[in-house]
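Going by mature numbering (1 follows the signal peptide of the UniProt record, and there is no 0), the letters in the sequence shown line up with residues -26 to -1, 1 to 474, in that order. These notes are about the structure you will find just below.
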Amino acid sequence: MFFSRLSLSTISLLLLALLSACTVVGPDYHVPDEAVIRQEKAGAEFVSAKEPVYVQDDLPRNWWQMYEQEILNELVNKALAANTDLRIASANLARSRAILEEARTMTDPIFDVGVSPTYGKNATKHGAQRESNHWFYDMGAGMSYQLDLFGKIARAVEAAEADMEATRAAYDLMRITVIADTTRAYLDVCSSGHRIDVAVESVNLQDKFVRTTQRLSDGGRGTPLDVSRSRAQLEQLRAAVPPLVAQQRTAVYQLAVLTGELPDALTEKVGQCRAIPQLKQAIPVGDGAALLSRRPDIREAERALAGSTARIGVATADLYPSISLGLNIGSTGTFSDWGSGNFFRWGIGPLISWTLPATGPARARIAQAEAVTAAALADFDGTVLRALKEVESALTVYARELDRNAALREARDQSALASRQAHRLYNYGRSDFLTTLDADRTLAEYESRLAESDAQLARDQVTLFLALGGGWDPEATKEKPEETDIQDMTQQEAQPTVPE
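This is the structure in structure tokens:
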């Protein structure tokens, strides 16, 4: 009824004029040209990847399956489903998505409705009161719409989107960390079991030598001193076993907690592993460009930079007025007058809010946002540099441990040969006891060192896979079709969400 007094075309023209003046203040985000990730060498082949143990192929997403251990695959899947740290990261991601949805609703109109019945007397226009009491009503409905003329809401949404994507990257980082920790714990269980077997074998050999020494002493070809020395070495070898048993049990407990189980839940299932799983192929490492697009911590730092840049626009918008468009309708009177046009009201118009002087506090907030963005860029650069350093270091450490392992294996083989020769000569009386005892001590030492090196190789493999960002599944955190994938950092640019 009241719309007959106002031309809808006039309202439309007014809204069109306001919207045509829209502009998004603040810088549009893109990866800065001076960022380390833009450097050509950052995406080049790894310097330390020229060893024959590496190939330039892409890293498999499910790298732990290269060990061909079905039980390991089951443990990783269980950890991804039940790990408590991953559940926390998932909850944080859900929270950031909810925050983003809240930010997006800032552009929605706000509606309100109110009704107020009152019983009593109402004054006339001459100040006199009516003779009887009546029921009065006051009802109304309103709508307000925040006009984002300077892009404050658009920049806030842009920042919330970047925050959500950073949280998603943090989830991915936790995911690959859980995978690596689970694999490492399983390999530690098996490595400790292998080292226990090596230590027990050394104990058994030394025990056999003690019995031989005792027989020779009883037969007059040895001395009680020889027996005491051999027994002392036997006990020394036995002393090495309990710490290894403790290491294995600790690894089993760690593995159980990683998979969301009580510490002793996996003792029977994995506690008997005695052979270290081996890789049957060269490790695929890819190149720097693949690493920079795969490492979740790099994506997290880049998205934090994008969010900080968007918040410069949020702060800049405070230099300008805030304008809302309002519409209200209502009626006031007695219930007996209900429906009378004389008691009907409506209104439409803008609400302008502008704090003056605005430049001082607003420019201070802009300076703060710019400083935060500068810090975010520094953190982004540092994250890229650390990622490249971690990969180069892991490549070097693993290759050199392979060299050490080969040398220790040769030393072990030669020590075993020397021990056999020393025992043969000692049994025939052509060598003294100390020479034989020293040969056994040397063999046990290199057996232990080689087993420790085998265990270290397994751990170094996991460290390398983690440094390469292995285990990231781009589909793992995609739940909503409207969310876009985070693209390669060297190509990503954010577009303003409000037309200029």
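We treat Cβ as the ideally placed atom computed from N, Cα and C, and that holds for glycine. Note that the structure is a prediction, hence the values are computed from the model and not measured.
{"query": "Cα-Cα separation, Asp137 to Arg277", "result": "7 Å"}
{"query": "Ala55 versus Val177: straight-line alpha-carbon distance, rounded", "result": "42 Å"}
{"query": "Through-space distance from Val346 to Ile297, alpha-carbon basis", "result": "28 Å"}
{"query": "Any alpha helix (DSSP H) of 4 or more consecutive residues that is wholly inside the stretch 28 to 67", "result": "44 to 56"}
{"query": "Buried/exposed call for Glu44, threshold 16 Cβ in 10 Å", "result": "exposed"}
{"query": "Extent of the continuous alpha helix (DSSP H) run through Glu8", "result": "Neither: Glu8 is in no alpha helix (DSSP H) and is coded neither H nor E."}
{"query": "Beta-carbon proximity check, Ile226 vs Leu236, cutoff 9 Å", "result": "The question names Ile, yet the displayed sequence has Val at residue 226. Not in contact: Val226 and Leu236 (Cβ atoms no closer than 9 Å)."}
{"query": "Separation of Ala392 from Glu175, as counted between CA atoms", "result": "17 Å"}
{"query": "The stretch 256 to 271 contacting the stretch 362 to 378, beta-carbon criterion three pairs below 8 Å", "result": "yes"}
{"query": "8 Å contact criterion, which Leu301 and Gly116 should meet: CB distance rounded", "result": "7 Å"}
{"query": "Ser64 versus Gln228, Val152, Val201, residue with shortest Cα-Cα distance", "result": "Val152"}
{"query": "Alpha carbon of Gln188 to alpha carbon of Lys182, nearest angstrom", "result": "10 Å"}
{"query": "Minimum C-alpha distance to Ala413 - residue among Glu14, Ala385, Ala128", "result": "Ala385"}
{"query": "For Lys99, the three-state DSSP class (helix, strand or coil)", "result": "Because the pLDDT at Lys99 is just 49, under 50, the model does not fix this residue reliably, and the value given afterwards should be weighed accordingly. Of the three classes helix, strand and coil, the one that applies to Lys99 here is coil, per DSSP."}
{"query": "Backbone secondary structure at Pro83 - three-state DSSP", "result": "coil"}
{"query": "DSSP three-state assignment for Asn401, whether helix, strand or coil", "result": "helix"}
{"query": "Straight-line gap, Ala349 to Gln388 (C-alpha atoms, nearest Å)", "result": "57 Å"}
{"query": "Rounded C-alpha distance that separates Asp155 from Phe439", "result": "11 Å"}
{"query": "Buried or exposed by the 16-neighbour rule on C-beta atoms within 10 Å, applied to Ala230", "result": "buried"}
{"query": "Beta carbon proximity, Glu139 to chain B, threshold 9 Å", "result": "Note that chain B does not occur in the displayed structure, where there is just one protein chain."}
{"query": "Cβ shell of Lys99 (< 8 Å), same chain only, five flanking positions each side left out", "result": "Low per-residue confidence applies at Lys99: pLDDT is 49, beneath 50, and the placement is therefore not dependable enough to give any value."}
{"query": "Glu274 vs Ala429 beta-carbon contact at 9 Å", "result": "no"}
{"query": "Runs of beta strand (DSSP E) lying entirely within the stretch 105 to 172, each at least 3 residues, in chain order", "result": "108 to 121"}
{"query": "Counterpart residues of Val89 in DSSP-defined beta bridges", "result": "Met113"}
{"query": "Contact the stretch 279 to 286 vs the stretch 125 to 141: 3+ CB pairs below 8 Å", "result": "yes"}
{"query": "Continuous alpha helix (DSSP H) stretch holding Pro198: start and end", "result": "198 to 213"}
{"query": "Paired residues, beta bridge with Pro258 - DSSP", "result": "Val29"}
{"query": "Closest Cα partner of Thr58 within the set Met148, Val201, Arg158", "result": "Met148"}
{"query": "Inter-residue spacing [alpha-carbon to alpha-carbon] between Gln252 and Tyr400", "result": "39 Å"}
{"query": "C-beta contact flag for Ala373 and Glu25 at 9 Å", "result": "yes"}
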